[in-house]
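S.K.: Here it is, the structure in full.
2 protein chains.
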Amino acid sequence: MKPIKVGLLGIGTVGAGTFNVLQRNQEDIRRRAGRGIEITMVAARNLDKARGIVGAGVEVVADPFAVVNNPEIDIVVELIGGYELPRELVLKAIANGKHVVTANKALLALHGNEIFAAAQGKGVTVAFEAAVAGGVPIIKALREGLTANRIESVAGIINGTTNFILSEMREKGLDFATVLKQAQELGYAEADPTFDIEGVDAAHKLTIMSAIAFGIPVQFDKAYIEGISQLQARDIRYAEQLGYRIKLLGITRRTRTESGEGIELRVHPTLIPASRLIANVEGAMNAVLVQADAVGASLYYGKGAGSEPTASAVIADLVDVTRLATVDPYCRVPHLAFQPNEMTDVAIMPMAEITTSYYLRVYVKDQLGVMADLTRILADAGISIDAVLQKEPGDQVNLDIILLTHQTREKNIIAAIEKIENLPAVIGKVTRIRLETLS
Amino acid sequence: MKPIKVGLLGIGTVGAGTFNVLQRNQEDIRRRAGRGIEITMVAARNLDKARGIVGAGVEVVADPFAVVNNPEIDIVVELIGGYELPRELVLKAIANGKHVVTANKALLALHGNEIFAAAQGKGVTVAFEAAVAGGVPIIKALREGLTANRIESVAGIINGTTNFILSEMREKGLDFATVLKQAQELGYAEADPTFDIEGVDAAHKLTIMSAIAFGIPVQFDKAYIEGISQLQARDIRYAEQLGYRIKLLGITRRTRTESGEGIELRVHPTLIPASRLIANVEGAMNAVLVQADAVGASLYYGKGAGSEPTASAVIADLVDVTRLATVDPYCRVPHLAFQPNEMTDVAIMPMAEITTSYYLRVYVKDQLGVMADLTRILADAGISIDAVLQKEPGDQVNLDIILLTHQTREKNIIAAIEKIENLPAVIGKVTRIRLETLS
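Chains D and Z are the protein sequences, given in the same order. When the first sequence is numbered by our numbering, its final residue is 439 and no position is left out of the sequence of numbers. When the second sequence is numbered by our numbering, its final residue is 439 and no position is left out of the sequence of numbers.
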């Protein structure tokens, strides 16, 4: 059988990794796929650099549409990043009857519904294992490995940059700004780190996993997103003293409320018990914890980014797509796990309706009675307290009072915090971090 | 599209779980698969009990061959266990052109080559996600998720019974016999626990993973197998004091020797650094750590056994098989990851040729010079020492000397141990446990 022909859009870190791994392991890959997989055309901004990577046998062009419109190309691999140009290119590739493999989570989180519908209409596949948690085959696990299950929740460390920063802050007791600078120097954080540190990248990935887990459309605009840039070193320290670690988690979960079923979709710093396996995922590693009714808890761990780990996912998709390139589309795994005519419309819940536990840090003048005031406000709001810690943060005058609450509605805690901040003994804002037991 | 018809051979724990999960989640499963999956016939020893589980709508028979020979049945699910009868039934089902799903690791570790060849000949699939690590979709990860990679090693906690026993021994400081008895009372260990505690079950699963990882035939007879029944509580304690945990690991790995490439295939108690994620897998949970060239380390964690976790894997296979029931067999994932005509014949290495590190415990009369003798013997054998610990085991007279070695060939350590045991100060046998850093 003739090799399948692949056109690459973009040959940066992941593109070069994809080319190199396909070259290095071409024999093993062919022995598995039953057919050769060859990159025959590459679109790149820097033609000379691209030629330096792929050598003489591969056509290098400046115009990505030349790849997408080339009738010789069977599969287009989109590794450009961003939204608008990739959207156009992917839709054009689909319109031309080509299969697509992409690592672009932003594209799918925002335009996934449109893209998957177009692919469905043309009977082609858009594969995207590389879009979530790099080398960890979590899309495959959720979409194929757990088909027997009613999935209850997915909670993931799905951004390596922030996990690296949080690990360093905890291990070395450093503050956010210092560690961010180090991470940038080491290449773990970009020059403009906003997408990572503010949780946007994690929310893109979570949005995709949520759609697959629950059979709902991608709805990035409904995600609640809170990053780690406001996290203070002392909160990480206090959390540890209470037996917890702080991780930037993406959480999506089925919830039943008075008004029916809803889906949580949220990214924020989260206290989790230090004894949990996922709490021990350190550095730039990723891990996704899935709760499902038949299988219980399962966890998937590995590198979430980088040239070859991401290439590993791109190539796994290429092999899958190659195997089923010419079968009846009905035989393939649906893009979002459920058949397109079998999606549901369960609503994403507003954040105020979420139920979770909380870590509260209240910075107070050391006055008699302040603890009584705090506990009374919480008791009046129906919020019970799980643990209390009182610490001198070092200024010798004022105190940090840390409270861990039991589960309550987010809007309740917001109301209680407003009252707490109005107490005369309380200085500034209350620090609030959500807490999940993940049991 | 009409539902696909499934016949169940055996309706014990896993069979009942499969029936129940398929019933409970039938809507979600149909929405994913695009087609209903119905168990229409069950073969059981206890007909009344079987009828009690499946109700009136399902035909219950005593003769499993009646299922296998029923032209109405599309997929046969084999959950009988054992070797000979399942082999006959599975081969007959294949000969009748039916797809097969099995959870039977013993069957595949011993007769896999014959069964897969028969399936290949008839253009049907034998799916076996449930045979390894229950609910953890590790077969899918190895066979499809990591197709880009040259897999270097697989190391797994793949027997829940032994991991439960080792966790209890460590946490409570109890000895093996006491914990085994408790495990039997709790239902974590069988009345005859030999297959679990002697490592046979783990070796069955490891054999299957090894074949998939490296593209070699299943070769259970070449596996080195050592169980946990000889492990002493004090070795677990000493290991912990040195920063290690003892786990029953199944390890399969590519190795280069002077005579070329070889494959390690071995199950034995293993010291691993306590800081590794896999060292923190406790109780009856399973985890598999894979090292591969592009993706690096990845880990898969979940329940390894039990009714519904195993059913989850059986049903995931049913969905996969259903999707591709009628496609050209060439479009399906090959049974052992590599196309049947693309397998290799890399030899399984004899255990004496393996290179690893060792934990040695030498029980000695407290005599001057014994440490000098020990270290001289090891130095003469070219074995360097990484750590030493000296402990009084409690008898107030004699000493335990614990040595951690650097890497050496297994035959070297065996020769050195023989010399050590001949020292007049040494009492009894040297305890030897292999040590892997898994870095």
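Ideal Cβ positions, reconstructed from N, Cα and C, are used throughout, including at glycine. All values reported here derive from a predicted model rather than from experimental measurement.
Closer than 7 Å by C-beta to Z/V321: which residues in its own chain qualify, once you throw out the five before and the five after it? Chain order, please.
M.R.: The residues are I75, H99, V101, T125, A127.
S.K.: Look up D/I333 in the DSSP assignment and say whether it is helix, strand or coil.
M.R.: Checking the sequence shown, residue 333 of chain D turns out to be Val, not Ile. In the structure shown, D/V333 sits in coil (DSSP, three-state: anything other than H, G, I, E or B).
S.K.: Is there contact here, the segment 231-238 of chain D with the segment 195-209 of chain D, by at least three beta-carbon pairs under 8 Å?
M.R.: With a cut-off of 8 Å, the segment 195-209 of chain D and the segment 231-238 of chain D do not count as touching, because too few Cβ pairs lie within range.
S.K.: Just to confirm the assignment: which complete beta strand (DSSP E) runs, minimum length 3, are found wholly within the segment 108-194 of chain D?
M.R.: If we require 3 residues or more, the beta strand (DSSP E) runs fully inside the segment 108-194 of chain D come out as 151-157.
S.K.: DSSP beta-bridge partners for Z/T408?
M.R.: Bridge partners of Z/T408: Z/T356.
S.K.: In this structure, how does DSSP classify D/R276 when only helix, strand and coil are distinguished?
M.R.: It is coil, neither helix nor strand.
S.K.: Between which two residues does the beta strand (DSSP E) carrying Z/G199 extend?
M.R.: First-last for Z/G199: undefined, no H or E at that position.
S.K.: Check distances from the C-beta atoms of the segment 16-30 of chain D to those of chain Z and list, in chain order, the residues that come in under 7 Å.
M.R.: Here the close residues are V21, N25, D28, I29.
S.K.: Measure the CB-CB distance between Z/D175 and Z/Q230 and report whether it falls below 9 Å.
M.R.: Their beta carbons are not under 9 Å apart, which means Z/D175 does not touch Z/Q230 by this criterion.
S.K.: Would you decide whether Z/Q396 is buried or exposed? Buried here means 16 or more other CB atoms lie within 10 Å of its CB.
M.R.: Exposed: under 16 other Cβ atoms inside 10 Å.
S.K.: Helix, strand or coil for Z/A284 per DSSP?
M.R.: Note: Z/A284 maps to coil in three-state DSSP.
S.K.: Measure how close the beta-carbons of Z/V288 and Z/A109 come, nearest whole angstrom, since I'm counting them as under 8 Å.
M.R.: With a Cβ gap of about 16 Å, Z/V288 and Z/A109 do not count as contacting.
S.K.: Less than 9 Å separating the beta-carbons of D/L249 and D/I157?
M.R.: In contact: D/L249 and D/I157 (Cβ atoms closer than 9 Å).
S.K.: If you reduce the DSSP assignment to three classes, tell me which class Z/I218 lands in.
M.R.: Rather than Ile, the amino acid found at residue 218 of chain Z in this sequence is Val. Z/V218: coil per DSSP, three-state reduction.
S.K.: Mind listing the chain D neighbours of Z/L277? Cutoff is C-beta to C-beta under 8 Å, in chain order.
M.R.: Simply L277, N280, V281, Y301.
S.K.: Using a C-beta to C-beta distance shorter than 8 Å, which residues of chain D count as neighbours of Z/L206?
M.R.: Simply none; closest approach about 20 Å.
S.K.: Can you list, in chain order, the stretches of the beta strand (DSSP E) that have 3 or more residues and sit fully within the segment 28-100 of chain Z?
M.R.: Qualifying beta strand (DSSP E) stretches, in chain order: 37-43, 59-61, 75-78.
S.K.: With 8 Å as the C-beta to C-beta threshold (strictly closer), list the residues of the segment 106-123 of chain D near chain Z in chain order.
M.R.: Listed by position, the residues of the segment 106-123 of chain D near chain Z (Cβ gap below 8 Å) amount to none.
S.K.: Answer with yes or no whether the minimum CB distance from Z/V136 to chain D is below 9 Å.
M.R.: It does; some Cβ of chain D falls within 9 Å.
S.K.: Counting only Cβ pairs nearer than 7 Å, list the residues of chain Z close to D/S330.
M.R.: Before going further, note that residue 330 of chain D is Tyr rather than Ser in the sequence given. G34, listed in chain order.
S.K.: Can the beta-carbon of Z/Q460 be found less than 9 Å from the beta-carbon of Z/E168?
M.R.: For residue 460 of chain Z there is no data in the structure shown, the boundaries of chain Z being 1 and 439.
S.K.: Using the C-alpha atoms, what's the distance from Z/K365 back to Z/P393?
M.R.: Roughly 12 Å separates the two Cα atoms.
S.K.: On the DSSP letters alone, give me the boundaries of the beta strand (DSSP E) that D/L9 sits inside.
M.R.: It spans 4-9 - the beta strand (DSSP E) in which D/L9 sits, taken as one unbroken run.
S.K.: Is it the case that the segment 412-424 of chain D contacts the segment 274-284 of chain Z, given that we only count it when at least three CB pairs across the two stretches are under 8 Å?
M.R.: No, the segment 274-284 of chain Z does not touch the segment 412-424 of chain D.
S.K.: For Z/G12 and chain D, any beta-carbon pair shorter than 9 Å?
M.R.: No, no contact with chain D.
S.K.: Starting from the N-terminal side, write out each stretch of the alpha helix (DSSP H) that is 4 residues or longer and does not extend beyond the segment 291-354 of chain D.
M.R.: Counting whole runs of 4 or more residues, the segment 291-354 of chain D contains the alpha helix (DSSP H) stretches 307-323.
S.K.: Alpha carbons only, please: which of Z/S439, Z/L22, Z/A33 is nearest the one belonging to D/A339?
M.R.: Checking the sequence shown, residue 339 of chain D turns out to be Gln, not Ala. It is Z/A33 whose Cα lies nearest to the Cα of D/Q339.
S.K.: To be precise: take each residue of the segment 295-321 of chain D, compare its Cβ to all Cβ atoms of chain Z, and keep it if any distance is under 7 Å. Which residues remain?
M.R.: Result list: V295, G296, A297, S298, L299, Y300, Y301, G302, K303, E308, P309, A311, S312, I315, A316, V319, D320.
S.K.: Please list the partners that D/R150 has in chain Z, where partner means a Cβ-to-Cβ separation under 9 Å.
M.R.: The contacting residues are R24, N25, D28.
S.K.: In terms of residue numbering, what span does the beta strand (DSSP E) encompassing Z/L374 cover?
M.R.: No beta strand (DSSP E) contains Z/L374, which is instead part of the alpha helix (DSSP H) from 370-380.
S.K.: With 8 Å as the limit, tell me which residues of the segment 335-350 of chain D have their beta carbon closer than that to any beta carbon of chain Z; keep them in chain order.
M.R.: Those would be A337, F338, Q339, E342, in chain order.
S.K.: Closest by CA to D/T147, which one among D/T375, D/V295, D/A95?
M.R.: It is D/V295 whose Cα lies nearest to the Cα of D/T147.
S.K.: Which residue's Cα is closest to the Cα of Z/A93: Z/N70, Z/A16, Z/Q367?
M.R.: Per the Cα distances, Z/N70.
S.K.: In the structure shown, what three-state DSSP assignment does D/K205 receive?
M.R.: D/K205 falls in the helix class under three-state DSSP.
S.K.: Nearest by alpha-carbon distance to Z/I401: which of Z/R361, Z/E72, Z/A155, Z/K247 is it?
M.R.: Ranking the options by Cα distance to Z/I401, first place goes to Z/R361.
S.K.: Measuring only the C-alpha atoms, how far is Z/E308 from Z/G15?
M.R.: Roughly 9 Å between the two C-alpha positions.
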